[in-house]
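Q:
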Amino acid sequence: MTDASATAARRPGEQALTALGLSAPAPDPADASAHSFPGGGRWRTEIPSCEGPEALAVVLKEASRLDVPIHRISQGSGVWMLTDAEITEMVESTGERDIELCLFTGPRGTWDIGGSTRTDSRGAGLRARGHDAVAGCIEDAVRATELGVKCLLVADEGVLWTLHRARAAGIIPADTTLKVSALIGPVNPAAYAVYERLGADSVNVPSDLTLDHLTEIRRVSGAPMDMYIEAPDDLGGYVRMYEVAELIRRGAPLYLKFGLSKAPGIYPYGHHMRELTLATAKERVRRGRLALDLLARHGADGDMAPLGSRMPGDLQRFEISA
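Structure follows, in structure tokens:
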């Protein structure tokens, strides 16, 4: 890592374009995020869609080979798609390397019987339909945390608020972190602030938000942001590697998520999708290496948060009434 800061980073093509009389205006300091992670650093890394112990082993091996630092590993199929033994193995493997493991909670609307999710409007989308779906999410959360999982991925505002209350009440550990899925991610600063107040410790935003949108969000909230640098096709397939330094400058504290476009969906995962899942897990790490190499070439790789750090810092919350 270099000691260069994001504000002093060289922008892509800057020297050549300046020589040709095509230079861009200097970055406006007012656009930069004033926030960072507790303990220092403006960005962390995440490898998503790690669907079980075997895929996790592939990710960890490839990360070691390519020297890709990892702060968080997340899974998308759900706690209920893993056995206790599989969860325990993943907890132990990530714990040995001081990596945060995040598992998705419970039933979702797109896997439910509600026909509206199949329409063009997508109906209620990923949200938990009815009391029983919320109960399934809470069951997953309790089971996962009892097995040592410290981060839970949620796709419903009611589930988020319920888990935040459960955390405050000691039903799940107080240091459990709650992460909002990209599939319901907010697209404006007011909505982002609401998720923070409902209990979110990091919030996935859609990968098509503009740089100005990130600045707008950072003017109202310092809650960590998650963003696919390369998004899966069902989230748009966007590839924003050349913007990484500016995404950090505008959006910090930011988790850089290394997804994979042009790859089939794998949720909910089963062994019938083994070869695809292992191959895509390996390639996500390589995509991470490519993005980190870009940061290094542009002198913007010096503000990474310490490995092993996972907490979000002091955040704004709605009051929990008795």
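Residue numbers (the working numbering): 25 to 346. C-beta atoms are modelled at their ideal positions from N, C-alpha and C, and glycine is treated no differently.
(1) Which of helix, strand or coil does DSSP assign to V244?
(2) Would you kindly report the start and end of the unbroken alpha helix (DSSP H) that includes S90?
(3) Do you know whose CA, among G76, G64, D180, lies nearest M297's CA?
(4) Please classify H188 as buried or exposed, where buried requires at least 16 other C-beta atoms within 10 Å of its C-beta.
(5) One question on the structure: do D164 and V103 come within less than 7 angstroms of each other, judged by their Cβ atoms?
(6) How would you write the range of the beta strand (DSSP E) that S226 sits in, first residue to last?
(7) Tell me which residues share the same chain as A179 and place their Cβ nearer than 7 angstroms to its Cβ, disregarding the 5 neighbours each side in the sequence.
(8) Run through DSSP, which three-state label would V71 get?
(9) Could you tell me the alpha carbon to alpha carbon distance between D338 and T69, rounded to whole angstroms?
(10) Report the rounded CA-to-CA distance for L302 versus A79, giving the unit in angstroms.
(11) Label K174 either buried or exposed according to how many other C-beta atoms from any shown protein chain fall within 10 Å of its C-beta, with 16 as the threshold for buried.
(12) Please state the DSSP three-state secondary structure of T107.
(13) If you check the beta carbons only, do S231 and P248 fall under 7 angstroms apart?
(14) Thinking just about the alpha-carbon of each residue, which of Q99, T201, R242 is nearest to the one in L222?
(15) Could you tell me whether the stretch 309 to 319 touches the stretch 109 to 126, where touching means 3 or more Cβ pairs closer than 8 angstroms?
(16) Given 8 angstroms as the limit, is there contact between the stretch 276 to 285 and the stretch 255 to 263, that is, 3 or more CB pairs closer than that?
(17) Taking Cβ to Cβ, would you say R274 is nearer than 7 angstroms to T234?
(18) With DSSP as the reference, identify every bridge partner of K281, one or two as the case may be.
(19) In three-state terms, what does DSSP make of K306?
(20) Classify S145 as helix, strand or coil using the three-state DSSP reduction.
(21) The ligand COA heavy atoms versus the CB of R274: any closer than 6 angstroms?
A: Let me lay it out:
(1) Taking the first residue of the sequence shown as 1, we reach residue 244 at position 220. Residue state, collapsed to three classes: coil.
(2) Counting from one through the sequence shown, the residue named residue 90 turns up at place 66. According to the sequence displayed, residue 90 carries Leu and not Ser. Run containing L90: 77 to 90, per the alpha helix (DSSP H) assignment.
(3) By 1-based counting over the sequence shown, the position of residue 297 is 273. Among G76, G64, D180, the Cα nearest to that of M297 belongs to G76.
(4) Here the question's residue 188 lines up with position 164 in the sequence shown. When all chains shown are included, H188 counts as buried.
(5) Here the question's residue 164 lines up with position 140 in the sequence shown. Here the question's residue 103 lines up with position 79 in the sequence shown. Cβ atoms of D164 and V103: closer than 7 angstroms.
(6) On the sequence shown, position 202 is the one that residue 226 refers to. Element bounds for S226: 226 to 228.
(7) By 1-based counting over the sequence shown, the position of residue 179 is 155. These residues qualify, in order along the chain: R132, L150, R151, S205, L207, I208.
(8) Taking the sequence shown and counting its residues from 1, one reaches residue 71 at position 47. A small fix is needed here, since residue 71 is Ile in this sequence, not Val. Strand.
(9) As a first step, residue 338 must be located in the sequence shown, where it is residue number 314. As a first step, residue 69 must be located in the sequence shown, where it is residue number 45. Each residue's alpha carbon lies about 20 angstroms from the other.
(10) Taking the first residue of the sequence shown as 1, we reach residue 302 at position 278. Taking the first residue of the sequence shown as 1, we reach residue 79 at position 55. In a straight line, the C-alpha of L302 is about 5 angstroms away from that of A79.
(11) Taking the first residue of the sequence shown as position 1, residue 174 is located at position 150. K174 should be labelled buried.
(12) Along the sequence shown, one-based indexing puts residue 107 at 83. Of the three classes helix, strand and coil, the one that applies to T107 here is coil, per DSSP.
(13) For the purposes of this step, residue 231 is identified with residue 207 of the sequence shown, where counting begins at 1. For the purposes of this step, residue 248 is identified with residue 224 of the sequence shown, where counting begins at 1. The answer is no: Cβ separation not under 7 angstroms.
(14) Numbered from 1 along the sequence shown, position 198 holds the residue referred to as residue 222. Out of Q99, T201, R242, T201 has the C-alpha closest to the C-alpha of L222.
(15) The stretch 309 to 319 vs the stretch 109 to 126: no contact.
(16) yes
(17) Indexing the sequence shown from 1 puts residue 274 at position 250. Indexing the sequence shown from 1 puts residue 234 at position 210. At a Cβ-Cβ threshold of 7 angstroms, R274 and T234 do not count as neighbours.
(18) Against the sequence shown, residue 281 aligns to sequence position 257. Note: K281 sits in a beta bridge opposite E70, Y252.
(19) On the sequence shown, residue 306 is found 282 positions in, with the first residue counted as 1. K306 falls in the helix class under three-state DSSP.
(20) By one-based count along the sequence shown, residue 145 stands at place 121. Here the model assigns S145 a pLDDT of 44, short of 50, so the residue's position is not dependable, and the following value carries that caveat. Coil.
(21) The model on display carries no ligand, and the ligand COA is accordingly not part of it.
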